[in-house]
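Enquirer:
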Amino acid sequence: MKPIVSKDSIVYFNEDCYTALNSYLEKANHSTIFILVDSNTHEYCLPTFMSKIEKSYSIEVIEIEAGEIHKTIETCSGVWNVLSELGADRKSLLINLGGGVVTDLGGFVACTFKRGINYINIPTTLLSMVDASVGGKTGVDLGNLKNMVGVISESEMVLVDTNYLGTLPAEQMRSGLAEMLKHGLIKDQTYWKKMSDLSKLTTEDLDLLIYDSVIIKNEIVTIDPTEQNIRKFLNYGHTIGHAIESFYLTHPDLPTLLHGEAIAIGMIMEGFLSHHLLDLSKEALSEITEIILQTFPKVSIPKQYEQEIINLLIHDKKNENGTIYFVLLNKIGEATYNCTVPNDLIQKSFEYYGNIT
Ligand code: NAD
Ligand code: ZN
C-alpha cells in the first residue's frame with residue numbers, strides 16, 4: 001500500500017507506518033516528544049505504539065478522558081499546561097494516538113501551542129482512520145455546538161495501522177463504516193459497489209477498503225482544503241444526520257445513537273431528497289436504502305419527535321443566511337452541493353424512512 005500524499009502531509013499504512021515514523025524521528029531531532037492518548041487508547045494502543053519505537057527517546061504521555069464531552073477548550077487548557085510545565089518548546093512534537101476526539105483536540109493543541117508545533121496523527125478508530133485524521137481540520141466543541149473553535153492545519157504525517165482496530169468495540173466500527181459508504185456515494189461508484197457487501201469481509205478486504213476511502217477523502221481535501229466547494233460533499237447525510245444525532249443526545253429517553261448511525265439515517269433520507277430534486281433514480285434510491293440497512297438496521301424515530309427534529313434542522317444556526325444547504329446526489333458516485341430543499345419534502349423524507357419495512 002503506497003503512501004498517500006497530500007499538499008502538506010502524507011498517510012502511511014500498516015507496516016510502513018513505523019519505518020516512516022522512526023526515520024522521521026531520527027532526522028527531525030525534536031527537543032521533546034509528547035504523546036496524547038485518552039483513557040482507552042492508553043490501555044489498548046499505547047503499549048503497541050511504544051514497542052514500535054526503535055530508539056529510546058524520552059516520550060512524555062499525556063492522558064485525557066475519553067469521549068466527545070471532553071473535546072473542550074478546558075481539556076486543551078489542561079494539555080497546554082502540562083506541555084508548558086514539562087518544558088515543551090517550538091521544537092517539540094505531539095503525537096496524537098486515538099480516535100477523532102484525540103486527533104481533533106490534539107491537532108488543535110499542537111497548532112496553537114507556542115503558535116504551532118509539529119504533530120502526527122495515529123488514528124485508532126475506523127472513523128478517525130478514514131475521516132477525522134486526514135485533511136487538517138482540528139478543533140473542539142463549545143457547549144452543544146460541535147467543532148466551533150478550531151483551525152485547519154495538516155499534521156506532519158498520518159499513520160494508519162489497522163491493527164489498532166482489534167480492540168475497537170463493534171458499534172464504533174459500524175460508525176466508521178457509515179463514512180466509508182458516504183465516500184462511495186459522493187465520489188466513486190466502483191467503491192460503493194465494493195462496500196455493498198460487508199457481510200463476508202476479511203481483514204485484508206477491510207484494509208483495502210480503508211485505503212481506498214482515505215484516497216477519496218484525501219483527493220477531496222487536497223483540492224479544497226478550506227471547504228469552499230467540493231469538501232462540502234463530505235457533508236452528505238450530515239444535514240439531517242446531525243439534527244437526529246443532536247436530538248437523540250439531548251433526549252435520555254431515546255436510545256444512544258452514534259454519529260455513524262445517525263449519518264446512515266441521514267444518507268437514506270437525503271437519498272430520498274436527491275431522487276425528488278435531482279436525477280437520482282428510483283432504483284438507485286432503493287439500492288442505497290437496502291445497502292445501508294444491511295449494516296444499519298432501521299431505527300424507529302418516534303412520530304411525536306419528527307417535527308421537533310425538523311425544527312432543529314430548520315433553525316440550525318450553522319446554516320448560511322438562514323438557508324439550509326444540502327449535499328445531494330445526481331447519481332451514485334456523484335454529488336452536488338448548495339441544494340435547497342422545501343420544508344415539506346424534508347417532512348416526506350422522514351415519512352419515507354419511517355415507512356421502510
Ligand atoms: P472517539 O475518539 O470518541 O473514539 C470512540 C471511542 O473509542 C472512545 O471511547 C475511544 O476512547 C475509543 N477508542 C479509540 N480507539 C480505540 C481502540 N483502538 N480500541 C478500543 N477503544 C478505542 O470518536 P471517533 O468516532 O473516533 O471520532 C469522533 C470525533 O471525530 C468527533 O469529535 C468528530 O467531530 C470528529 N471528526 C473530525 C473530522 C475532521 O475532519 N477533523 C471528521 C470526522 C469526525
Ligand atoms: Zn461524519
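Be aware that the sequence shown starts at 1, since it is given in the UniProt record's numbering, and climbs by one per residue.
By construction, the Cβ of each residue, glycine as well, lies at the ideal position given by its N, Cα and C atoms.
(1) Using a threshold of 6 Å, is the CB atom of Ile263 nearer than that to any non-hydrogen atom of ligand 2?
(2) I need the DSSP call for Leu46, collapsed to helix, strand or coil.
(3) Looking at the structure shown, is Ala88 part of a helix, part of a strand, or coil, going by DSSP?
(4) Determine the closest residue to Ala66 out of Val299, Asp253, Val37 and Val109, with distance taken between C-alpha atoms.
(5) Please find out if some non-hydrogen atom of ligand 1 comes closer than 6 Å to the beta-carbon of Gln172.
(6) CB of Ala132 to nearest heavy atom of ligand 1: below 6 Å?
(7) For a test of your reading of the model: does the CB of Asn40 fall under 6 Å from any non-hydrogen atom of ligand 1? Yes or no.
(8) So Gly260 and Gly139 are in contact, right, with Cβ under 8 Å, and what is the actual spacing, rounded?
(9) Three or more C-beta pairs under 8 Å: does that hold for the region 242 to 259 against the region 215 to 222?
(10) Name the DSSP beta bridge partners of Leu36, please?
(11) Drop a sphere of 10 angstroms on the beta-carbon of Ile346, count the other beta-carbons inside from all chains shown, and report buried for 16 or more, exposed for fewer.
(12) Whole angstroms are fine: how far does the CA of Ile240 sit from the CA of Leu126?
(13) Could you check the C-alpha separation between Pro123 and Glu283 for me, to the nearest Å?
(14) May I ask you to report which of helix, strand or coil DSSP gives Val214?
Expert: Let me lay it out:
(1) yes
(2) helix
(3) Correct three-state label for Ala88: coil.
(4) Val37
(5) Checking the Cβ of Gln172 against ligand 1 gives yes.
(6) yes
(7) Yes, the beta carbon of Asn40 sits closer than 6 Å to at least one heavy atom of ligand 1.
(8) Contact doesn't hold; Cβ gap of about 20 Å is too wide.
(9) Too few Cβ pairs lie closer than 8 Å, so no.
(10) Ile62 and Asn96
(11) Residue burial is scored here from C-beta neighbours: Ile346 has at least 16 other C-beta atoms within 10 angstroms and is therefore classed as buried.
(12) 22 Å
(13) 36 Å
(14) helix
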